[in-house]
Structures are given as structure tokens and as C-alpha cells.
Amino acid sequence: MSGGSDVDGSAPSRTDPAVVLFRLAVLVALVLLAFRAELRMVLSSARSFSEWSHGFAMPLVLLAFVLCRKDDLRAAMNRGSWWGIVLIAVGLSIWFIPSIISQFGYARLLGMVCCLAGVILAVAGWGIARICVPLILMLWLCLPLTERTMDSSSLFLQRMSMKAAAIPLQHLPDGSARVKGMTIAYQHGRRTGEIGLAEQRFGARLIPACLVIGLMVVFTRRRSAGRIALLTLLSVPIVLGCNVLRITTWGVTAIYGGFGEISNVPRNVSLVTALVAALAGFGLACLAVDGIANVASRLFPFEDEQSGNGGAEPCAVSSGDG
Amino acid sequence: MPFLGRAIKQPQFVAGAVILMLMVVGMHAVARTAGAWLEKRPVPIRKPLRQMDRNKITGFRFVEDRGFGQAKFVETDEYLEWRLVPTERFKETQIAYLGVYFYTGSGKGLQIPHTPEVCYRQSGNQVTDMGKLEIPTPDLAPEIKSITATYVRMSHPTEVANKDICVAYVFCVNGKFFESREKARIQVGLPWNRAVYLAKIDCTVRVPAPHRLDAAIGACRLMLSRAIPELVREHFPRAVDIEAALAETAAESGARLGTSSASTAMGEP
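Those sequence lines, one after another, are chains P and S.
Using this note's numbering, you'd call the opening residue of the first sequence number 127 and step up by one each time.
Using this note's numbering, you'd call the opening residue of the second sequence number 20 and step up by one each time.
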């Protein structure tokens, strides 16, 4: 269900990148125009809730991704696929049905992302669509979930994170800390206070942002499926560790900085620390996995051949439907 | 060949552009039209909530009716907010609130009210626990043997009186009970449910001690198990009332259509 040569006569099917970019730009602009209400919703959430403010960074993230993978993208550029049109139709249905039955915001947002995926597939074909799967996942991670869903899905994680973060805080010199509901109560010298006071989902914030960072770091280079699977497994402790680090940093800043319970300083310091830690964590994980895989490929050359030299080096992608 | 000419050579691009342009122009209008066609008919309540028998909430003593002047905020005139005190079991919870809010009608569409985990947090509460609780309703058997409700435990950093509270809530749409707002929304939105009413029943109690959530949930269960049967039997519309409301609306629109045709025949605009 693919085809449609976009060059004259018997010319090779390799497409001019400028033409493909032009087509993508036109269709993406039309999708954003059609889903302008949904786009407004995403931007409004990004502005109002720090949990979703990584949405503002998405244009830069997308640009960086495209620049890092430009060789792969150029090599994979091919004829479009009619499955992309099917995906656009699916996205439309996802938008339309909840719109007439009830105003389900999240389903409508999913419709927008589905249409964007459809545009990539329709214009650039399977090869580029495969490379762009992380981009679609990143966009999905920018869609704000409802408060109810986030609360019910993160309560266990919040409790565990608070308990884990309280352990190092308990061992700070001249102080004590204990979990109190969804905050951590501390005593330092004669000063007492609470960490995370009135902060919603204090124990599980920034998880989508850390995952976006992880996707960005892992997929900026071409990696084999085995390495991606391993990095996916490693992403769980990295993201959870960054979350605990954020709470601990908040605590340390609040306790030693002497900031008030509702000061923004511990929040901002812990936020930057957690995001930088996520970047470093995923970077180190990639280095480690790539290093181990390279050593393994030297020790077992047969495996290397079998895996099609599926290392981390940029190389031409032969996939596509042409 | 000019750049634009080459760009539109791809059939998928052309098809995608046509579909998306149609979406840009018409998708909101089509959704609005379909939404208007599926607009819900109102089903009036059988007996006003203000006439609810306080003595039916056994195990609790009525203290105060707080349901005045809130219509603007709760977006309905048909509601009640009572303050009660447990008299038999769960006395340690000290105080309890019962809220019932009834919605129906057309106009701008039937909106589903917010749930406590959303609106309480706007005053600084943090959600500390969430779950489901089963409310036995032997009085409504065999139609409804039990109802599942949602409970939310919330703590407030500064408020002294209600620092640690538990709110249990359940939605009722055309006689069916739902513990989640999303399920209630789907039920309200189903195209074949042409006449719809929606009610939110919630109960708020104080958690007496950090490890006594069970007492708070028990009090919520007791209060809802007393209130819901009374509401279903005496106040909420029955299936026949929904059918009657639907028939009445159909007759009204038929009559309107007849009048309109007659007016047009007589040359009136």
C-alpha cells in the first residue's frame, strides 16, 4: 500500500530533501491549524503546570534530533506511504468521536499526535517514519494528562520516592526528617519545616520531562534493537533515581539554605539538578551500553556480523518501502 | 520543473493536504452540528432535594443545612449540602458532610462537575490516598446490590479543622452508578441516551488519626448506603420518567415543527 513516484519519468526514486521538507512543513502546518484548539490546550498546560513545561522545549528538541540524525534521515528518504493517509484518518476519528460524545481532551490530543505521525508516514515513507518514532513518543509525553489520572497512577510511586528521599535527609548532620503524608517534615537545629508543602504530586514530578531527555539522548544516534532494549530497561532506575534526587536536593536546599516553606528557590534548584542528572544519567548509560556492545562485538565477531553491525555509528538505512 | 510542481507530484501529499484542508475548514463545524443533533433532553427531578427526609440518614444526626447561595458555584439549583454528626458508629470522625448535586437540561450541554481531587487541591490540599469502596445497597436489591464509589484522602498543610479528610463520591447517570467521572461522561455522551440526568453524591469526613483511614471510609460507606437508596426511591427520576421526558420533548418539537410549517405556509418568515 505504498508507492507514488514523485519524480519525472524514469528518474530514480530518491527524493529531493527540500521537496520532502516542503511537503512536511505544509502538512504539519495544516495539522496544527486543524488542531489549533488542542495546541492551545498543550501550550496552556505547559505555561500553567511545571510538570508539562517541557512542551516549550519541544521545537528545539525536534530540531536537535533532526540535526543529529540528518544523515540517517537523508538516507531513509523515500516514497510516501498510503498508510500515512490511513493514520491521518484514524487520528481524525480519535478526535471526532470524543468531540461529539463528550469533550474528552486527552483523546483529542492523541488524535493530533496520530495525524502528525500519519503526515510523516504519508510524505516520507516507512524509513523516516521508523526513525521518527522517538519524536512521536516525545510529542506524546508532552500531552497533559488529567489530574485524576496522574494522581491515581502515581500515588504508589510518590510514596516510595518520599520514603527513599527521606533516608539521606535523615542522615544529615544535626537534623532529622520523616515522611509526613505527601511531604517530608524536617528538623535542623532549632528550625523545623516541611518539604514539598502544597506541591501537587511532589513525589512524582518531572517524570515525563526526564523520559523526553532519555528519548533524546538514546535516539540521537542509530542503535541496534538490543541496545535500545537494554537502555529502555536502564531508563527505569535512571528516571526514578532522578526523581528521588530532586526531592533530596529540594530538602538539602531548603534545610541548609534556610528558605521558607513556600520559597521557589528549592523547587528551581531541584528541578535543574534533576534534569541535568537525567541528561548525565542517560548519557552515561549510552556510553556504558555502547562500550559493552563494542567489546562484545570484538570478542564475538560472529555476533557482530549477525547483528548487521548494529552499533552506534551513523550509517545508511536501507529500510523503506521503495 | 518548478519546485512547487515537483512538490505536488506525490499523490499521498495531495491526498493528505486535501483531507487536512477539509479538516481545517470543517471539522469543528461538523462536530458542533453533530453535538447539537445529539443534544440531551432534560429530565426533571421527581422530588426536590431540599425535601429529602433527614431522618433517613440513620446513624447520623443532622446539624446544619449549608446549601444556600451556592447555586452559582455548583451550577445547579437542585442540590443539598448537609452537615451531620455520627451518632452510633465512627463517632471519632466527629463530623461529616453530605452533598448531592443534580444536573439535567440542554442549553450549552450537560457538564460533568469536577471531582474532589481536582477542586480541593485548588485550596492547597494534597492527595495522599485514593481507592475504591463498595457500598452495600440491600434496599435497592435486586436491581442494585452494591455500588462502587471512589474515595480520596487529602491533607491540607495549614488548615487545622480539616487537615486530613476523606471524600467519597459516586455519579449517577439515568439510574446507573459510576465511580469515575470519565465513565459518567461516556454514559452521558452516548448517542442513544437522548434524555439524561446526572447526579453527584459525595460525602466528606475527617480522618480521626493518621492510621484511621478505615474509620473515615467506614463513615463514608455508612452515610452513602443510607443516602443513596433514599435518593433513588424518592428523588431521582425513574426509567418511566426518562421515557416520559423524551416523549414530551418529541411531542413539543413535533408541535413546534407543525407551527413552523403552518407559519411558512401562511407566508410568515
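Even for Gly, the Cβ is constructed at its ideal location relative to N, Cα and C.
Through-space distance from R304 of chain P to P135 of chain S, alpha-carbon basis = 27 Å
Can you give me the Cβ contacts of T324 of chain S inside the same chain, cut-off strictly under 6 Å, excluding the 5 residues immediately before and after it?
-> This structure cannot settle anything about residue 324 of chain S, because the visible part of chain S is limited to 20 through 288.
Return the first residue and the last residue of the alpha helix (DSSP H) that K289 of chain P is part of.
-> E273 to Q296
So, does the CB of V226 of chain S fall closer than 8 Å to a CB anywhere in chain P?
-> no
Does the beta carbon of F222 of chain P come closer than 8 Å to any beta carbon on chain S?
-> yes
Which residues in chain S sit within 9 Å of W208 of chain P, going by Cβ to Cβ distance?
-> P30, Q31 and A34
In three-state DSSP terms, what is H254 of chain S?
-> helix
Leaving out the 5 sequence neighbours to the left and right, which residues in its chain are closer than 7 Å to D148 of chain S when beta-carbon positions are compared?
-> R172 and L232
When you check each C-beta in the region 168-197 of chain S against every C-beta of chain P, which residues fall closer than 7 Å?
-> S174 and P176
Based on Cα-Cα distance, which residue from S:G54, S:V43, S:A34 and S:P21 lies nearest to L209 of chain S?
-> S:G54
In three-state terms, what does DSSP make of D72 of chain S?
-> coil
Tell me M149 of chain S's beta-bridge partners as DSSP assigns them.
-> S:V171
Since R108 of chain S meets chain P, which of its residues come closer than 9 Å, beta carbon to beta carbon?
-> Going along chain P, no residue has its Cβ under 9 Å from R108 of chain S, so there is no contact; the nearest lies around 26 Å.
Can you tell me whether DSSP reads P210 of chain S as helix, strand or coil?
-> coil
Comparing alpha-carbon positions, which option in S:L152, S:R102, S:K182 and S:S165 lies nearest Y139 of chain S?
-> S:K182
In three-state terms, what does DSSP make of K219 of chain S?
-> strand
Give the straight-line distance between the Cα atoms of V104 of chain S and E198 of chain S, rounded to the nearest whole angstrom.
-> 25 Å
Is A137 of chain P close to chain S, meaning its C-beta is less than 8 Å from at least one C-beta of that chain?
-> Annotation note: pLDDT 42 at A137 of chain P (below 50); position unreliable, coordinate value reported separately. No, its Cβ sits nowhere closer than 8 Å to a Cβ of chain S.
Find out if the Cβ-Cβ distance for the pair Q70 of chain S, I211 of chain P is shorter than 8 Å.
-> no
Starting from the C-beta of R331 of chain P, find all residues in its chain whose C-beta is less than 6 Å away, skip the five residues before and the five after it, and write them out in chain order.
-> E177
Interface partners of Q141 of chain S on chain P, CB under 9 Å = Simply none; closest approach about 10 Å.
Beta-bridge partners of Q113 of chain S, as assigned by DSSP = DSSP lists no partner for Q113 of chain S.
With DSSP run on the structure shown, which of helix, strand or coil describes L267 of chain P?
-> coil
Please decide whether Q96 of chain P counts as near chain S, where near means a Cβ-Cβ distance under 8 Å.
-> This structure cannot settle anything about residue 96 of chain P, because the visible part of chain P is limited to 127 through 448.
Whose Cβ in chain S lies nearer than 9 Å to the Cβ of M288 of chain P?
-> Chain S residues near M288 of chain P: none, gap ~10 Å exceeds 9 Å.
Run of the alpha helix (DSSP H) containing R80 of chain S, from where it starts to where it stops | Not the alpha helix (DSSP H): R80 of chain S falls in the beta strand (DSSP E), residues F79 to D84.
Neighbourhood of P392 of chain P by C-beta distance below 6 Å, restricted to the same chain and skipping five residues each side | W376, T379, A380 and F385
Would you list the residues sitting across from Q313 of chain P in a DSSP beta bridge?
-> P:S302 and P:T318
Are the C-beta of F148 of chain P and some C-beta of chain S separated by less than 8 Å?
-> yes
With 9 Å as the limit, tell me which residues of the region 163-196 of chain P have their beta carbon closer than that to any beta carbon of chain S; keep them in chain order.
-> A163
Min CB distance L57 of chain S to chain P below 8 Å = yes
Report buried or exposed for Q145 of chain S, applying the criterion of at least 16 other Cβ atoms within 10 angstroms of its Cβ.
-> buried
Could you check if D221 of chain S is buried or exposed, using at least 16 other CB atoms within 10 Å of its CB as the buried criterion?
-> buried
Do M184 of chain P and I254 of chain P come within 8 Å of each other at the CB atom, strictly closer than that value?
-> no
With 8 Å set as the bound, which would you pick, yes or no: does the beta-carbon of G307 of chain P sit closer than that to a beta-carbon of chain S?
-> yes
Candidates P:G319, P:V343 and P:P363: which alpha carbon is nearest L283 of chain P's?
-> P:P363
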